[in-house]
Amino acid sequence: MKKTVDKDPFWTKYKKFATTEILMYLIMIIGIGLGIIFLS
15 MKKTVDKDPF WTKYKKFATT EILMYLIMII GIGLGIIFLS
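With positions in the sequence shown counted from 1, the corresponding number in the numbering used here is that position plus 14.
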């Protein structure tokens with residue numbers, strides 16, 4: 015039972031980190047795309 019309780023907060027932290035990382039990658043991709051459009 016202790017293992018499941020310990021895993022729950024870890025997964026919530028990992029999910030938050032994953033979402034922020036995905037947002038950062040999306041912003042980078044959008045920025046690169048806009049840069050290519052403006053440069054072309």
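A virtual CB, placed ideally from N, CA and C, is assigned to each residue, including glycine.
Keep in mind the model is a prediction, meaning the values are calculated, not measured.
Rounded to the nearest angstrom, what separates residue i and residue j at their Cα positions?
{"i": "residue 49", "j": "residue 34", "result": "22 angstroms"}
{"i": "residue 30", "j": "residue 53", "result": "35 angstroms"}
{"i": "residue 23", "j": "residue 41", "result": "27 angstroms"}
{"i": "residue 28", "j": "residue 51", "result": "34 angstroms"}
{"i": "residue 37", "j": "residue 25", "result": "18 angstroms"}
{"i": "residue 45", "j": "residue 32", "result": "20 angstroms"}
{"i": "residue 47", "j": "residue 39", "result": "12 angstroms"}
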